[in-house]
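From first to last, the protein sequence lines stand for chains A and B. When you line the first sequence up against our numbering, it's residues 289 to 519, in that order. When you line the second sequence up against our numbering, it's residues 289 to 519, in that order. Worksheet: one structure, shown below.
Protein chains: 2
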Amino acid sequence: MQTRRRIPEATVARLPVYLRILSEQFDIDVTKISSEELAELAGVNAAKVRKDLSYLGSYGTRGVGYEVEFLVYQIRRELGLTHNWPVVIVGAGNMGQALAGYNGFGDRGFTVGGIVDIDDAKVGSVVGGVRVRHLSELTQVVEARNISIGVIATPGLAAQGAADALVAAGVTSILNFAPTVINVPPGVSVGKVDLAVELQILAYHEQRRINAAKGSSLVSVPGESRRRASA
Amino acid sequence: MQTRRRIPEATVARLPVYLRILSEQFDIDVTKISSEELAELAGVNAAKVRKDLSYLGSYGTRGVGYEVEFLVYQIRRELGLTHNWPVVIVGAGNMGQALAGYNGFGDRGFTVGGIVDIDDAKVGSVVGGVRVRHLSELTQVVEARNISIGVIATPGLAAQGAADALVAAGVTSILNFAPTVINVPPGVSVGKVDLAVELQILAYHEQRRINAAKGSSLVSVPGESRRRASA
DNA sequence: GAACGTTTGTGCACGTTTTCACAAGACGTC
DNA sequence: GACGTCTTGTGAAAACGTGCACAAACGTTC
Ligand SMILES: NC(=O)c1ccc[n+]([C@@H]2O[C@H](COP(=O)([O-])OP(=O)(O)OC[C@H]3O[C@@H](n4cnc5c(N)ncnc54)[C@H](O)[C@@H]3O)[C@@H](O)[C@H]2O)c1
Ligand SMILES: NC(=O)c1ccc[n+]([C@@H]2O[C@H](COP(=O)([O-])OP(=O)(O)OC[C@H]3O[C@@H](n4cnc5c(N)ncnc54)[C@H](O)[C@@H]3O)[C@@H](O)[C@H]2O)c1
């Protein structure tokens, strides 16, 4: 019982997408949905949807589909979204402020439980309804609200320090916006969002399109032809 | 020749990370580097680094390592970063403004070539040195600077419309910040950055840690024990 | 209650990605 | 120029993820 069935990482990354779609469907009074319909909305294969959902248990009805409300509940439970998670943001610059002021968080299970910065000019100001505290108060902020998730929105050079501070304060999951690889002790999870990396991947595909058009111009028109889509 | 050796998607996603690290090393006068060292800095396995780099060609020297400057050049070339890509941003809200004002772009191969919004109150204002134009001028903006990459920073409900507008304007790669699946015709690449999804993945891991601690509390102390790290 | 259309749940084959393991090549030393 | 040390480049195995295809289960209709 303790280990519980393990869900593949690839599936874990898709469950939030299903969850959002299902919540939206529920809001417009859709009560049941087939794997085919959900797959269409999520931009994936129907078999994949079924296999993903099967990791949660057998909650569909053959010949009918899945009950939307129940599925929402099950995914929430599996992702640990039955309660809201307070998050602490380190770095109150452009990014930190945009995040703190973002309303789309609450709906999806998170609240900004605190925000800290090292710059005295920023400490004390209020962003997104939360007062910016000094980095030195991080542990206090984390403990007061029992926070376990931290977001790094400092410049790259300060990111490792921020990670160390978060870990020292007791945070066990970190989402890193800085374009830097951070090291954390075992038992701490790290996710990253690197804008430039995403753009560079797109640039690669653009480049390939250009090369392909050049290479095949002897044969066909240089219009597009390569497939790849959705997300 | 036209197809050129195809690089696995997983490798394409790591090349930007190597590139950033190598550029940093070059800046501090490191001239050569082994796969072991690069792996350490990138937080991955050394064999993976070697295999990834092998897709670019045999540019290392056995017994010695790789020449940093040459590797930087090769990765840039492969990713299509030998020139700067102008990018157009759709949506000049919090996110769009943070992106437009972000300086870290230029270093990594991109410039903000334009930014558009539908809100007349925002049109005409200047963010990040670029004047916000109206959505209706999108095609004009895209064509004037020959832009092929677009970023969507509108609310979720407007995202599909923004994607359609970008495609109609001639953009062939899109990075989507809105929490919505967008559909595009074949030949157009899409990348997404969904903050809430990333946080929900972390929440899942937190939840598992909690469940594991509960389940094993009969046996061991409820401290951390599960591994997982880096990025 | 049998026949039928529908949709799930999953075994299986396939493709992709990771990791191991080691031969081959480069360099330095004697 | 032979030897030892180091590090690459890459087959081959293992692990992981995807998608097909179909039996099993459900609801409906007659
Ligand atoms: N702005 C963007 O659109 C964007 C896009 C992609 C990535 N990023 C990344 O996000 C991070 C933040 O970007 P930004 O534009 O908000 O930068 P910013 O300079 O506006 O803000 C950084 C903030 O971090 C604070 N800070 C510095 N050192 C700190 C420390 N040790 N502890 C706590 N706070 C500290 C600074 O005082 C400042 O308020 C950067 O790493 C950047 O590369 C930003
Ligand atoms: N702010 C954040 O930290 C954050 C975090 C994660 C995701 N996001 C996502 O990024 C997107 C933008 O967020 P935001 O905080 O900047 O929102 P925002 O409301 O501040 O800005 C949205 C902007 O888009 C413009 N817009 C609306 N419809 C448009 C259209 N059809 N064409 C062009 N422009 C249009 C609006 O006028 C507004 O200026 C949202 O989808 C949000 O979910 C934001």
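All C-beta atoms in this analysis are idealised placements derived from N, C-alpha and C, irrespective of residue type, glycine included.
- Around B:L369, the beta-carbon contacts reaching into chain A at under 8 Å are Q488, A491.
- Between the alpha carbons of A:D405 and B:D315 lies a distance of about 28 Å.
- Remark: the C-beta of B:I316 is outside contact range of ligand 2, defined as less than 7 Å to any heavy atom.
- With a cutoff of 7 Å, A:D407 counts as near ligand 1, since its C-beta is closer than that to a heavy atom of the ligand.
- Beyond the five residues adjoining it in sequence on each side, A:G444 comes within less than 6 Å, by CB distance, of A466, P467, T468 in the same chain, given in chain order.
- When Cβ-Cβ separations below 8 Å define contact, B:V485 makes contact with chain A.
- Counting C-beta atoms within 10 angstroms of its own C-beta, B:E366 has 16 or more neighbours from the protein chains shown and is therefore classed as buried.
- For A:K320, DSSP records a beta bridge to A:E355.
- Rounded to the nearest angstrom, the Cβ distance from A:N382 to B:Y354 is 35 Å, too far for a contact under 8 Å.
- In chain B, no part has a C-beta under 9 Å from the C-beta of A:Y306; the shortest such distance is about 11 Å.
- Interface residue (Cβ-Cβ distance to chain A less than 8 Å): B:G389 is classified as such.
- Ligand 1 never approaches A:L487 closely enough for any of its heavy atoms to be under 7 Å from the residue's Cβ.
- Distance from the CA atom of B:K339 to the CA atom of B:R350, rounded to whole angstroms, is 14 Å.
- In this model, A:K320 and B:A484 are separated by some 25 Å (Cα to Cα).
- If only complete runs of 4 or more residues are kept, the region 438-496 of chain A shows the alpha helix (DSSP H) at 444-457, in order along the chain.
- Inter-segment contact for the region 360-378 of chain B and the region 449-463 of chain A is absent: fewer than three beta-carbon pairs are separated by less than 8 Å.
- Taking 7 Å as the cut-off between beta carbons, the residues of the region 432-460 of chain B near chain A are S436, I437, T460, in sequence order.
- Cβ-Cβ separation between B:V376 and B:G394: approximately 16 Å, too far for a contact (criterion under 8 Å).
- Note that the C-beta distance between B:V478 and B:I470 is below 8 Å.
- Distance from the CA of A:G348 to the CA of A:V305, rounded to the nearest whole angstrom, comes to 18 Å.
- Taking the CA atoms as reference points, A:V378 sits about 22 Å from B:Y492.
- Proximity of A:E324 to chain B, defined by a Cβ-Cβ separation below 8 Å, is not satisfied.
- Residue burial annotation: B:T370 is exposed, with fewer than 16 other C-beta atoms found within 10 angstroms of its C-beta.
- Across the region 318-345 of chain B, CB contacts with chain A closer than 8 Å involve L329, A330, G331, in sequence order along the chain.
- Against chain A, the CB of B:G479 has a partner CB under 8 Å away; the residue lies at that interface.
- When DSSP assignments are scanned along the region 328-392 of chain A, the uninterrupted stretches of alpha helix (DSSP H) that are 4 or more residues long and fall wholly within it turn out to be 334-342, 356-367, 382-388.
- Ranking B:V415, B:A334, B:A450, B:S461 by CA distance to the CA of B:S424 puts B:A450 first.
- The beta-carbon of A:E425 is placed no less than 8 Å from the nearest beta-carbon of chain B.
- Where B:I309 is concerned, the enclosing alpha helix (DSSP H) starts and stops at 297-315.
- According to the DSSP assignment, B:V429 belongs to no beta strand (DSSP E) but to the alpha helix (DSSP H) extending over 426-432.
- The beta-carbon of A:P374 is placed no less than 8 Å from the nearest beta-carbon of chain B.
- Of the heavy atoms belonging to ligand 2, at least one sits nearer than 7 Å to the Cβ of B:P467.
- Distance from the CA of A:A386 to the CA of B:V476, rounded to the nearest whole angstrom, comes to 29 Å.
- Collapsing the DSSP output to three states places B:G503 in a helix.
- In this structure, B:N471 has its CB at a distance of at least 7 Å from all heavy atoms of ligand 2.
- The beta carbon of B:A441 sits closer than 7 Å to those of I377, V378, G379, G381, M383, G384, L387, F465, all from its chain and outside the five residues before and after it, given in chain order.
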